[in-house]
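Student:
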Amino acid sequence: MQLRTERLLLREHVENDWRVVRAYQSDPRYTRFYPWEERTEAEARQFIQGFIASQHEEPRKKFAFAVTLKGSGHLIGNCNLRTNTADARVAEIGYELNPAEWGKGYATEAARAILTFGFDELKLHRVAAWCIAENTASGQVLEKLGMRVEGQLREQEWLKERWWDARLYGVLENEWRARGEKSA
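The sequence shown: position 78 = 79 (this note's numbering), numbered continuously.
1. Are the region 26-44 and the region 60-76 in contact at 8 Å, needing three or more beta carbon pairs?
2. Per DSSP, which one or two residues make a beta bridge with Y170?
3. Alpha carbon to alpha carbon, how far is S184 from R33?
4. Considering only the alpha carbon of each residue, which of K124, L125, L4, L173 lies closest to A65?
5. Take the Cβ of T69 as the centre, count every other Cβ of all protein chains shown within 10 Å, and call the residue buried at 16 or more, exposed below.
6. Here's the rule I'm using: 16 or more other beta-carbon atoms within 10 Å means buried, otherwise exposed. How should M148 be labelled?
7. In whole angstroms, give me the CA-to-CA distance for G51 and E58.
8. Look up K63 in the DSSP assignment and give the residues it is bridged to.
9. Could you tell me the alpha carbon to alpha carbon distance between V150 and R8, rounded to whole angstroms?
10. Within 10 angstroms of the Cβ of A114, are there 16 or more other Cβ atoms? Answer buried if so, exposed if not.
11. Would you please state the rounded distance, in angstroms, between the beta carbons of V91 and H126? I believe it to be under 8 Å.
12. Looking only at its chain, what residues have a beta carbon closer than 6 Å to the beta carbon of W164, apart from the 5 residues adjacent to it on each side?
13. Just checking: is the beta-carbon of L125 within a distance shorter than 8 Å of some beta-carbon in chain C?
14. Check V68 in the structure and name its three-state DSSP category.
15. Going along the chain, which residues of its own chain have a beta-carbon closer than 8 Å to the beta-carbon of Q153, five neighbours each way excluded?
In structure tokens:
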């Protein structure tokens, strides 16, 4: 399965993706909002194996895509949509990018493609996301997609020797359609 945008190809993950993922998931800019400082080979392989395993689920509940640049095929991150059950009409979105690619609009472009997939193909009613409240860049991506802040969970995440607040975002299908979002 693939999703295409103007600049990106979102494809299923493959075994060798772990090398690139390990590199960017060990970047200090990336790890600021994660519990680890550096990813091991085993952790990166396990991360990618989880995505690959979800490709074979029947029925499928997780759709995880490697985000690649259209021209070069270079892997720059991942974007995923997951439900609790195959017939659920509510899902959660997640995404991450190599910090070297931040600020170029790729996260918004990839997330828009996966939201379109969710509403058009999976017939979702609602998609939610959460992020560390201090991760303002991620919050801006979600707001560009038309997702609204629905609440703030105080001291929700323990990492880096402190408690962090988390923000919950959401968008309904009718809100997505009202924005005029269309398939890529």
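The beta-carbon is built from N, C-alpha and C at its ideal position, and this holds for glycine as well.
Tutor: Concretely, from the data shown:
1. The region 26-44 makes no contact with the region 60-76: fewer than 3 CB pairs, one atom from each, lie closer than 8 Å.
2. Start at 1 with the first residue of the sequence shown, and residue 170 comes out as number 169. Its beta-bridge partners are A130, V150.
3. Position 183 of the sequence shown, counted from the start, is the residue given in the question as residue 184. Position 32 of the sequence shown, counted from the start, is the residue given in the question as residue 33. Model confidence at S184 stands at a pLDDT of 46, short of 50, so the residue's coordinates are unreliable; what they give is reported in the following sentence. The C-alpha of S184 lies about 34 Å from the C-alpha of R33.
4. Here residue 65 corresponds to residue number 64 of the sequence shown, with the count starting at 1. The shortest C-alpha separation from A65 is found at L4.
5. Here residue 69 is taken as the residue at index 68 of the sequence shown, counted from 1. Around the Cβ of T69, a 10 Å sphere holds 16 or more other Cβ atoms; the residue is buried.
6. The count along the sequence shown starts at 1 and reaches residue 148 at position 147. Around the Cβ of M148, a 10 Å sphere holds 16 or more other Cβ atoms; the residue is buried.
7. Start at 1 with the first residue of the sequence shown, and residue 51 comes out as number 50. Start at 1 with the first residue of the sequence shown, and residue 58 comes out as number 57. Taken atom to atom, the span from the alpha-carbon of G51 to that of E58 is near 11 Å.
8. Against the sequence shown, residue 63 aligns to sequence position 62. According to DSSP, residue pairing for K63 in a beta bridge involves R83.
9. As a first step, residue 150 must be located in the sequence shown, where it is residue number 149. As a first step, residue 8 must be located in the sequence shown, where it is residue number 7. Distance between the alpha carbons of V150 and R8: 28 Å.
10. Residue 114 sits at position 113 when you count from the first residue of the sequence shown. Taking all protein chains in view, the Cβ of A114 is crowded by 16 or more other Cβ atoms within 10 Å, so the residue is classified as buried.
11. Taking the first residue of the sequence shown as position 1, residue 91 is located at position 90. Taking the first residue of the sequence shown as position 1, residue 126 is located at position 125. The beta-carbon separation of V91 and H126, rounded to 6 Å, stays under the 8 Å limit for a contact.
12. Working through the sequence shown from its first residue, we reach residue 164 at position 163. These residues qualify, in order along the chain: E156.
13. The structure shown contains no chain C; it holds only a single protein chain.
14. The residue labelled residue 68 in the question sits at position 67 within the sequence shown. In the structure shown, V68 sits in a strand (DSSP, three-state: E or B).
15. Here residue 153 refers to the residue found at position 152 when the sequence shown is read from its first residue. These residues qualify, in order along the chain: A134, D166, A167, R168, L169.
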